[in-house]
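Notes to accompany the following structure.
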Amino acid sequence: MANILIVEDEAIVALENKMNLSSLGHNVIAIISSAENALSSFHENIPDLILLDIKLKGAMDGIEASHEIRKHSSVPVIFITGNSDSRTLQRISEISNVTCLQKPILLNELTNAVNTMLRKDSSPLSV
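Just so it is clear: in the sequence shown, position 73 is 72 by numbering that gives the first Met the number 0, and no numbers are missing.
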């Protein structure tokens with residue numbers, strides 16, 4: 000069981016992700032709708048994994064938030080996006096220990112991504 004932080008500004012999507020992660024035996028420690036609040040929550044209770052939407056409420060997007068997180072931790076991040084444009088993908092590729100899922104997320108895709116990222120993070124070779 001992993002402690003997972005969900006950062007998603009669409010309430011229905013966030014609740015569906017929480018339900019799916021809980022059904023997989025994981026603990027969702029919080030659902031946050033802005034990058035700024037996610038950074039505060041992250042520092043209070045460091046999760047094992049972050050499910051992070053790219054477009055969020057507030058001035059900062061999910062990619063910018065992940066750069067801030069990387070200054071303190073290599074916690075794995077699964078980006079969730081409806082955008083797959085080349086600029087977004089380029090920005091994501093510059094961040095370590097991440098993967099990306101396209102909305103809408105299927106349960107088997109979420110399961111595989113979570114399992115892969117948690118396994119990767121627990122590996123002694125993980126950076």
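We treat Cβ as the ideally placed atom computed from N, Cα and C, and that holds for glycine.
Please read all numbers here as calculations on a predicted model, not as lab measurements.
In or out: residue i buried (at least 16 other Cβ within 10 Å) or exposed?
i	result
Leu-4	buried
Leu-105	exposed
Asp-47	buried
Asn-16	buried
His-71	exposed
Ser-122	Per-residue confidence for Ser-122 stands at a pLDDT of 46, beneath the threshold of 50, marking its modelled position as unreliable; no derived number is given.
Leu-124	Low per-residue confidence applies at Leu-124: pLDDT is 38, beneath 50, and the placement is therefore not dependable, though the value from the model is reported in the following sentence. Counting Cβ neighbours within 10 Å, Leu-124 comes out exposed, since fewer than 16 surround it.
Val-126	Its pLDDT being 35, under 50, Val-126 is placed unreliably by the model, and the measurement read from it follows with that caveat. Exposed, since its Cβ has fewer than 16 Cβ neighbours within 10 Å.
Residue i by DSSP, collapsed to three states: which one?
i	result
Leu-23	coil
Ser-33	strand
Ile-91	helix
Ile-132	Residue 132 is absent from the structure shown; the chain starts at 0 and stops at 126.
Asn-44	coil
Asn-162	In the structure displayed, the chain extends from 0 to 126; residue 162 sits before or after that span and is not available.
Ser-125	Model confidence at Ser-125 stands at a pLDDT of 37, short of 50, so the residue's coordinates are unreliable and nothing is read from them.
Asn-96	coil
Leu-109	helix
Compare the C-beta of residue i with all C-beta atoms of chain B and state if any pair is closer than 9 Å.
i	result
Thr-98	Absence of chain B from the displayed structure is noted, only one protein chain being present.
Using only alpha-carbon positions, find the residue among the options that is nearest to residue i.
i	options	result
Arg-90	Leu-48, Ala-29, Asp-60, Val-27	Asp-60
Ala-10	Leu-50, Ser-85, Ile-31	Ile-31
Ala-34	Met-18, Glu-7, Val-113, Val-97	Glu-7
Asn-96	Thr-87, Ser-83, Asn-107, Ala-112	Ala-112
Val-27	Asn-36, Ala-13, Asn-82	Ala-13
Val-76	Leu-100, Asn-82, Arg-86	Leu-100
Using 9 Å as the threshold, is the C-beta distance between residue i and residue j below it?
i	j	result
Val-74	Ile-49	yes
Lys-102	Ile-79	yes
Asn-29	Ser-22	For the record, residue 29 in the displayed sequence is Ala; it is not Asn. Not closer than 9 Å, so no.
- Those runs of the alpha helix (DSSP H) which lie wholly inside the region 50-84 and span at least 4 residues: 61-69
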